[in-house]
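For the sequence shown, our numbering begins at 300 and goes up steadily by one.
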Amino acid sequence: MNKQRKVELLYRRAQGESLNISADEAKELSKYKVSKVGKTLNTKTNFQQYVTAVDKGYRKTFYDWCLDNNKGDGRRKGGRAEDIRSFNRDQSIAVIAMGWLMWGVAIY
């Protein structure tokens, strides 16, 4: 299966569409961890870059890859790189605060 076919199938999978694919195609696509992620991250360009990254050894999911690389659909609300950076920062602060709370309770 060529890269363009992979990108098309993964894009459709992320959109939540059903796929009619053969067992061989399903086996080949199994290494790409893509689920329905929402339209703010879905672009075919992102999938092309994700397929390249996985082929070079990347192991995280498409969603994590998008957040790690600040990739999204800039035409949609929440899909710009600044919005994704802000989301990552907010999540990091929340995790740190929860860690401080848990360690505080444990030490107390």
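The beta-carbon is built from N, C-alpha and C at its ideal position, and this holds for glycine as well.
- Here Leu309 is not near Val336, since their CB atoms are 8 Å or more apart.
- In the structure shown, Lys355 falls within a coil segment according to DSSP collapsed to helix, strand and coil.
- For the 8 Å CB-CB criterion, Phe346 and Val306 form a contact.
- Within the same chain, Leu318 come within 8 Å of Arg311 by CB-CB distance, once the 5 residues on both sides are set aside.
- Residue burial is scored here from C-beta neighbours: Ala393 has fewer than 16 other C-beta atoms within 10 angstroms and is therefore classed as exposed.
- Phe361 places its beta carbon less than 8 Å from that of Ala313.
- Non-local C-beta neighbours of Lys343 in its own chain, meaning closer than 7 Å and more than five positions away in sequence, comprise Val306, Tyr310, ordered along the chain.
- Taken through DSSP and simplified to helix, strand or coil, Val404 comes out as helix.
- Between Val350 and Lys302, the beta carbon gap of about 6 Å places them in contact (Cβ cut-off 8 Å).
- Following the DSSP letters along the chain, one finds Leu309 inside the alpha helix (DSSP H) bounded by residues 302-314.
- If you draw a 10 Å sphere on the C-beta of Ile383, you find 16 or more other C-beta atoms in it, and that means buried.
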